[in-house]
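In the UniProt record's numbering, the protein residues as written are 247 to 615. Right, one structure below, let's go through it.
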Ligand code: G6P
């Protein structure tokens, strides 16, 4: 097992550090930035189905559901197709409206999650076209779906998902870009810019991994906190949810993720000098709104841990701690902002003596209800 961990203390840490290379593995052969092309057989073979779709339904569980939420923002922005993201467990039991003109995207690392599999079967019975985004080759979901695209994350051993999440976002971004190109919903220069940015994302993920020491130092300060709030807006709202999930899964600290502006409708009541608030404050659209959210937290004495864009000064002045990630387009930023949140959870869990790779009560793949 020590050999399999490749010199890392835990599989989770190894998998966090694999992200630059597995993101590259996931777009290799698909992304051709110089030619301005995206080639994915599963999409090309079914392009008309996607182009004719009235809407896209995304079904998933856990971290894969969070990747689906990021994809909702990206698909709607890039390809202007309405998207709904559903928990497979809710979808399958609520007599959902599924039309033959719907395209369903099922996201699953393992390809074995029982609820997701059942939701796929239901969608197929109603005549929808079902596309799978799985990591495990030959898994039940990859076999049950009409077509699909694999993530190439390699085996994920840590129960808390890390590299599966970022590779799922990579695949979904490629699909959204291809559909945007085919539908003409994105201008050519933006399309080319996104391809080029995606191509250099692995280097930026590697740079984001250099926040490890900062994450470890912050972890030492907040490891005994009973609660933690995660906030983000837009593309980084799902990242806040995922950051909170990572922390509760492996450190057993109660954590909640919220859209930053929703804070006023509840979580703000929790904020006092004991409350660490992790806020994703990238220099992007609505930056001023995030800055005012930070001011609201500060005026209530909350402890602010901000994930900022490299070079940011405004948030640095307000926050108790900042972690810098490289600049990129808003839509690609989840691939970078996720990294320090994974590291923060990891270090807190290690410092609390938790079993990082196999947290209590959790299973890597939930194959029974
Ligand atoms: C379990 C795992 C999570 C995972 C979820 C969905 O809860 O512990 O890490 O996100 O299942 O799994 P899937 O394999 O369908 O992505």
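Backbone N, C-alpha and C fix where the C-beta goes; we use that ideal spot for every residue, glycine too.
Secondary structure note for residue 385: it is in no beta strand (DSSP E), with a DSSP letter that is neither H nor E. The beta carbon of residue 612 lies closer than 6 Å to those of 359 in the same chain, with the five residues before and after it left out. In the DSSP assignment, no residue is bridged to residue 579.
Here residue 518 has 546, 547 and 548 as same chain residues with Cβ atoms under 8 Å from its own Cβ, once five neighbours each way along the sequence are excluded. Secondary structure of residue 273 (DSSP, three-state): helix. Between the C-alpha atoms of residue 502 and residue 331 there is a straight-line separation of about 19 Å.
Just so you know, the alpha carbons of residue 349 and residue 598 end up roughly 44 Å apart. The residue from 473, 614 and 262 with its alpha-carbon nearest to that of residue 406 is 262. The closest heavy atom of the ligand G6P lies less than 7 Å from the beta carbon of residue 307.
305 is the residue among 316, 305 and 449 whose C-alpha sits nearest the C-alpha of residue 361. Under the rule that a run must span 4 or more residues, the alpha helix (DSSP H) segments found entirely inside the region 435 to 480 read 458 to 468.
In this structure, the alpha-carbon of residue 301 lies about 8 Å from that of residue 347. In the displayed model, residue 513 falls within a helix according to three-state DSSP. Counting only residues of its own chain and dropping the five nearest sequence neighbours on each side, residue 500 has a CB closer than 6 Å to the CB of 473. A straight-line Cα-Cα distance of about 45 Å links residue 558 and residue 342.
Excluding residues up to 5 positions away in sequence, 356 and 357 lie with their Cβ nearer than 6 Å to the Cβ of residue 382 in the same chain.
Residue burial annotation: residue 451 is buried, with at least 16 other C-beta atoms found within 10 angstroms of its C-beta.
Looking at the backbone, the Cα of residue 454 and that of residue 477 are separated by about 19 Å.
With distances taken between CA atoms, residue 527 lies nearest to 579 out of 579, 392, 510 and 491. DSSP places residue 397 outside both helix and strand once states are collapsed to three, so it counts as coil. Look at residue 584 here: in three-state DSSP terms it is helix.
The Cβ atoms of residue 415 and residue 581 lie closer than 8 Å to each other. Beta-bridge pairing by DSSP links residue 549 to 522.
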